[in-house]
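Participant: A single structure is presented below for examination.
Numbering (my numbering), first residue to last: 1 to 205.
The structure is reproduced here in structure tokens:
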């Protein structure tokens, strides 16, 4: 699907360039953009290595565990299906911690691991559990306090103040995460979206 979209955009660009008589401009833009992409990617290596290293140190120092203990009361309310001290909770905490600092690349494998552990707890393997849906909603809402990836992109692009997006990011993440959680909890209680295993006999009939 995505490949088809990109192919369509490329073909439209080529056709428009022929119609406008600006084929050379499109060719130059493609070459310059490829060069910029490589330069930005190389520039990101240092910044991403720094933040990934900080996350590794924080984990070894017990800061991630401390964050987990601080978030545990809230997470127990959000994920009541997860038993006490289950590994899934630790994976969720690690994923949220990585997302807090905008480390999408580091957060992805942690999120996949958390989903696998939630699936192990899921009594109906063909249907996502409420905890799985809630976790996905939180991840989709992009819980981020310091968007290190975006700051790295802006730094590589020679932004005058790459960190100025921190305050807007915090405001945006509070709003998006709140909306995601509220919507998720409301929908899971509605008859239309309630899991089959949780429906009463009267609802099924």
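Cβ coordinates follow ideal geometry from the N, Cα and C atoms, glycine included.
Buried or exposed: residue 21, going by 16 or more other Cβ atoms within 10 Å of its Cβ?
Facilitator: exposed
Participant: Whole angstroms is fine: what's the gap from residue 164's alpha carbon to residue 146's?
Facilitator: The straight-line gap from Cα to Cα measures roughly 11 Å.
Participant: Among residues of its own chain, excluding the 5 on either side of residue 213, which ones have a beta-carbon nearer than 6 Å to its beta-carbon?
Facilitator: Outside the shown range of the chain (1 to 205) lies residue 213, about which nothing can therefore be said.
Participant: Under the rule that 16 or more other beta-carbon atoms within 10 Å means buried, what is residue 82, buried or exposed?
Facilitator: Result: buried.
Participant: If you follow the alpha helix (DSSP H) that residue 264 is in, where does it begin and where does it stop?
Facilitator: Since the displayed the chain opens at 1 and closes at 205, residue 264 lies outside it and no answer follows.
Participant: Apart from the five residues on each side of it in sequence, which residues of its chain come closer than 7 Å, Cβ to Cβ, to residue 140?
Facilitator: 180
Participant: Counting only runs of 4+ residues fully inside the stretch 80-122, write out the alpha helix (DSSP H) ranges in chain order.
Facilitator: 87-100, 104-121
Participant: Taking residue 167 as part of the alpha helix (DSSP H), name the residues at either end of that continuous run.
Facilitator: 166-189
Participant: Taking all protein chains shown into account, decide if residue 70 is buried (16 or more other Cβ within 10 angstroms of its Cβ) or exposed.
Facilitator: An exposed status is given to residue 70, since fewer than 16 other beta-carbon atoms sit within 10 Å of its beta-carbon.
Participant: Just checking, does the stretch 83-91 make contact with the stretch 107-121 on the three C-beta pairs under 8 Å criterion?
Facilitator: With the cut-off at 8 Å, the stretch 83-91 and the stretch 107-121 touch.
Participant: So, are the CB atoms of residue 95 and residue 144 less than 7 Å apart?
Facilitator: no
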